[in-house]
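Colleague: Dropping the structure in here first, questions after.
2 protein chains.
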Amino acid sequence: MTDFKARPPVGIDAIGASTEGASIYELIRDDIIEGRLKANERLVVSDLAQRHGTSTNPVREALQLLRGEGFVIFAPNRGARVRPIDQDFVRDIYEIGVLIEPALTRWFVSMATHDDIIELERIQRLIEENNFADQLRHSELDTAFHTVMYQRHYNRHAAELWWKHREVLRAVSRRFNFTLSRRAQVLRDHRELIELIKAGEAEKAAELVGRHVEGSGRHILEQMRASNAARAG
Amino acid sequence: MTDFKARPPVGIDAIGASTEGASIYELIRDDIIEGRLKANERLVVSDLAQRHGTSTNPVREALQLLRGEGFVIFAPNRGARVRPIDQDFVRDIYEIGVLIEPALTRWFVSMATHDDIIELERIQRLIEENNFADQLRHSELDTAFHTVMYQRHYNRHAAELWWKHREVLRAVSRRFNFTLSRRAQVLRDHRELIELIKAGEAEKAAELVGRHVEGSGRHILEQMRASNAARAG
DNA sequence: CCGCATCAGATCATACATTGTTTGACGAAA
DNA sequence: TTTCGTCAAACAATGTATGATCTGATGCGG
């Protein structure tokens, strides 16, 4: 069986170099996305260097890279801080997804091959088998599902943007559980989506994906809100 | 009179630090966007350091930042290259604009104040006075026009994305002249847009902006094509 | 065509200089 | 006593310099 790793799918590589094991960049980035580094936390170069057993030089470069990607904020002469991945951030991201993914979908429907359908159905079967038992696995399968649809899109920029956003949302949602209603909705959406793709209904598929992404975003936001309320209360 | 500088408008600052004169980052970035550094050209760290009279460290950091922003591509152990700002790149960018700007506009229409209208009309007057005589000035005014609409949007991420793309398109289009028909269209669009905003017609305004951006993108692409054909022919 | 020496340049490690920020002690004023 | 401004020391960002290592590219002889 294919493994669904959490890495840029073929043809999607925003940076231009990934390869090697765990670069400083990836380590810091994951720490941010996963929440191990807290919002607005100061990123002191020498500390990071020591913690990861490197010199300061690679750390400084990694931070600049993260700055360019928007995960880190710099203040002149005051160094870097973790960009808060808060509700606003998540909302911003998923709203952009609502705008972009339907367009990606529309194109995919017009280009989908028989093999694509087979693949989507295969993944969907795995999703249903797993049935959210292993949430991490669900997340990977779900990502794989959408990747099949977007990875060949001619607009590389849009596809990369989608992937970047996807990674953030995935990491955030990993902290939460799917509600029962959301589970049902996800399965329904996917099944309906496959049918629409088969039927070549590009416009309807696009609309459905828009609603799907919207629902997914709202779901995560609700969870964040609930979690924050619980912490505060 | 206010000056319309080509810098992030209030509240739009993708990076987190701008300030000082011309950082290495800005110099290299402009060289790329303006085409002084050619597509796929190798960016040798030591050369750049020497050319700009710095050590290698700041250069490497600038390159990483540019990598994060997508202007530079890294190959492991082979260093950096200029990401080609070619027709595909421009198309990708403006297509995303077609998706995002209408959404930004829709919100603006629902939030526009009387002062906003005044400001838009003032800028539009300046645009018409200038009437494309000074293209650079037109570009700045046009950017200012749209900035008024987008700068207060709650989705900072989307606004930053717009600004980043805008800068690229501006730089590319600076190489070309507006065709007469495009000039007329731009003026028409702006005038109609102001009317729609006044009337609170969010949906129609959004559609118009979509067409406006689409037209602008196509216009640039046509110019690039023509220019390439001329060079090849 | 293949294998190998050679070379340019990336990447990383140190060490250090300079400069701006932060902090907390100290003392004057209210 | 409390409040506030000043100031120095600690801290850390930023830039410079230099050397070690390793990779990929190039050109040559087999």
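Chains as they are written, first to last, in the numbering used here: chain A, 11 to 243; chain B, 11 to 243. We treat Cβ as the ideally placed atom computed from N, Cα and C, and that holds for glycine.
So, is the C-beta of L75(A) closer than 7 Å to a C-beta in chain B?
Modeller: It does: the Cβ of L75(A) has a partner Cβ on chain B nearer than 7 Å.
Colleague: Can at least three beta-carbon pairs, one atom from the region 157 to 177 of chain B and one from the region 104 to 124 of chain B, be found at a separation below 8 Å?
Modeller: They touch, by the three-pair rule.
Colleague: Got a sec? Which residues, its chain only, sit under 6 Å from R147(B) by beta carbon, not counting five neighbours each side?
Modeller: Closer than 6 Å at Cβ, skipping near neighbours: N140.
Colleague: Look up A122(B) in the DSSP assignment and say whether it is helix, strand or coil.
Modeller: A122(B) falls in the coil class under three-state DSSP.
Colleague: Does the region 156 to 169 of chain A come close enough to the region 108 to 127 of chain A that 3 or more CB-CB pairs lie under 8 Å?
Modeller: At 8 Å Cβ cutoff, the stretches touch.
Colleague: How far does the beta strand (DSSP E) with A209(B) in it reach, from first residue to last?
Modeller: Run containing A209(B): none; DSSP gives neither H nor E here.
Colleague: At which residue ranges does the region 86 to 119 of chain B contain complete beta strand (DSSP E) runs of 3 or more residues, listed in the order of the chain?
Modeller: Counting only runs of 3 or more, we get 89 to 92.
Colleague: Quick one: what's got a C-beta closer than 7 Å to T29(A)'s C-beta in the same chain, skipping five residues either side?
Modeller: For T29(A), the predicted model reports a pLDDT of 45, less than 50, meaning its position is unreliable and no value from the coordinates is stated.
Colleague: Using a Cβ cut-off of 7 Å, which residues of the region 104 to 123 of chain B contact any Cβ in chain A, in chain order?
Modeller: Cβ contacts with chain A: E105, I106, L109, I110, A113.
Colleague: For a contact defined as C-beta to C-beta under 8 Å, what are the partners of H222(B) on chain A?
Modeller: Here the premise fails: no neighbours, minimum Cβ distance about 17 Å.
Colleague: Please go through the region 41 to 84 of chain B and give each complete alpha helix (DSSP H) segment of 4 or more residues, from N-terminal end onward.
Modeller: The qualifying runs are 55 to 61, 66 to 79.
Colleague: Start and end of the alpha helix (DSSP H) containing V161(A)?
Modeller: Note that residue 161(A) is Gln in the sequence shown, not Val. Q161(A) -> no alpha helix (DSSP H), and no H or E assigned at all.
Colleague: Please state whether DSSP places A247(A) in a helix, a strand or coil.
Modeller: Summary: the structure shown does not reach residue 247(A), with chain A confined to residues 11 through 243, and so no result is reported for it.
Colleague: Is it buried or exposed, R192(A), if we count other Cβ atoms within 10 angstroms and call 16 or more buried?
Modeller: Classification of R192(A): buried, given that the 10 Å Cβ count is 16 or more.
Colleague: Exposed or buried, P86(A), counting other C-beta atoms within 10 Å across all chains shown (16 or more means buried)?
Modeller: Exposed: under 16 other Cβ atoms inside 10 Å.
Colleague: Please list, in chain order, the chain B residues whose beta carbon lies closer than 7 Å to that of E71(A).
Modeller: Residues of chain B passing the Cβ test: R70, E71, Q74.
Colleague: What did DSSP end up calling G227(A) once you bin it into helix, strand or coil?
Modeller: In the structure shown, G227(A) sits in a helix (DSSP, three-state: H, G or I).
Colleague: Mind listing which residues of the region 150 to 170 of chain B have their C-beta closer than 7 Å to chain A's C-betas, in chain order?
Modeller: The residues in question are N165, R166, H167, A168.
Colleague: D102(B) touches chain A at which residues, Cβ-Cβ below 7 Å?
Modeller: Simply N165, R166, H167, A168.
Colleague: DSSP state of N238(B), grouped into three classes?
Modeller: In the structure shown, N238(B) sits in a helix (DSSP, three-state: H, G or I).
Colleague: Could you give the C-beta distance for I43(B) and V92(B), rounded to a whole number, given that I count them as a contact under 8 Å?
Modeller: Actually they are not in contact, since the Cβ atoms of I43(B) and V92(B) sit about 10 Å apart, beyond 8 Å.
Colleague: Can a CB atom of chain B be found closer than 7 Å to the CB of G89(A)?
Modeller: Cβ-Cβ to chain B under 7 Å: no for G89(A).
Colleague: Excluding the five sequence neighbours on either side, which residues of its own chain have a C-beta within less than 8 Å of the C-beta of E211(A), listed in chain order?
Modeller: Excluding sequence neighbours, E211(A) sits near V119.
Colleague: Which residues in chain A have a C-beta closer than 7 Å to the C-beta of E79(B)? List them in chain order.
Modeller: Correct list: G78.
Colleague: Comparing alpha-carbon positions, which option in K214(B), D96(B), Y35(B) lies nearest E178(B)?
Modeller: In the sequence as displayed, the identity of residue 178(B) is Val instead of Glu. Checked all of K214(B), D96(B), Y35(B); the closest Cα to V178(B) is D96(B).
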